[in-house]
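Participant: When the sequence shown is numbered by this note's numbering, its final residue is 190 and no position is left out of the sequence of numbers.
In this text, a Cβ means the ideal position worked out from N, Cα and C, and glycines have one as well.
Every value quoted in this text rests on a predicted model; they were computed, and no experiment measured them.
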Amino acid sequence: NDSYPRGARVPDYPRDARTLALFKRDTGQTPETSPAQWNQWRTEKITQVVAAVRATIAEVNPRVKLSAAVGAVPDRARREHFQDVRRWVSLGLLDAIYPMNYEKDMEVFTRRTKVWSAMRTGIPVVTGVMFDKRSSMTVNKQIEQATRNTRSEEHTSELQSHSFTSYAVFCLKKKNKDE
Numbered sequence: 012n013d014s015y016p017r018g019a020r021v022p023d024y025p026r027d028a029r030t031l032a033l034f035k036r037d038t039g040q041t042p043e044t045s046p047a048q049w050n051q052w053r054t055e056k057i058t059q060v061v062a063a064v065r066a067t068i069a070e071v072n073p074r075v076k077l078s079a080a081v082g083a084v085p086d087r088a089r090r091e092h093f094q095d096v097r098r099w100v101s102l103g104l105l106d107a108i109y110p111m112n113y114e115k116d117m118e119v120f121t122r123r124t125k126v127w128s129a130m131r132t133g134i135p136v137v138t139g140v141m142f143d144k145r146s147s148m149t150v151n152k153q154i155e156q157a158t159r160n161t162r163s164e165e166h167t168s169e170l171q172s173h174s175f176t177s178y179a180v181f182c183l184k185k186k187n188k189d190e
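1. With distances taken from CA atoms, which of F142, W127 and R145 is nearest T158?
2. Which one or two residues does DSSP pair with S78 in a beta bridge?
3. Put K184 into one of helix, strand or coil per three-state DSSP.
4. So is A47 buried or exposed if we call it buried at 16+ other beta carbons inside 10 Å?
5. Rounding to the nearest angstrom, what Cα-Cα distance links S5 and K115 in this structure?
6. Among T138, T58, A107 and I134, which has the Cα closest to the Cα of R122?
7. At what residues does the alpha helix (DSSP H) containing I68 begin and finish?
8. Does V136 come out as helix, strand or coil in the three-state DSSP assignment?
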């Protein structure tokens with residue numbers, strides 16, 4: 012979205028007339044009169060979308076894998092982006108999770124990967140690493156840390172390899188385009 016600079020806090024969303032009418036119909040409230048219920052309602056709606064996608068996949072082609080790129084901190088992702096990833100995992104809605112851990116600070120990056128490792132999701136967790144203007148040494152350290160902390164018996168090298176390859180190809184294309 013070009014409306015907001017990178018890292019800027021995006022105002023409360025969605026605030027379109029249809030969404031507000033649905034919330035009022037379902038709860039009898041407005042976001043202003045019940046902000047906690049507004050956030051819970053939005054979280055539930057996102058979970059319903061994920062569940063509907065999972066159900067469609069099961070019906071159309073059960074071999075298709077469903078993954079989600081989610082916030083790097085599960086509780087924060089739930090609070091700020093309505094991604095209830097812990098619930099999605101407990102309901103069996105996902106086949107893989109891609110936490111977007113785009114953090115420069117190695118200590119924070121490591122702490123975030125350990126959160127996912129401790130969750131014992133039972134599905135592959137492939138930590139996103141930002142390839143920007145940071146040094147290749149930092150990127151390599153983050154890849155090593157992510158691999159060490161989120162590796163599990165369920166983690167397939169094919170999935171991990173695909174993820175890092177995709178990031179690398181994207182970055183090479185972007186770099187070549189910028190030159």
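Facilitator: Working from what's here:
1. W127
2. A107
3. Low per-residue confidence applies at K184: pLDDT is 43, beneath 50, and the placement is therefore not dependable, though the value from the model is reported in the following sentence. Three-state DSSP puts K184 in a helix.
4. exposed
5. Outside the displayed range of the chain (12 to 190) lies residue 5, so it cannot be described from this structure.
6. T138
7. Per DSSP, I68 belongs to the alpha helix (DSSP H) from P46 to V71.
8. strand
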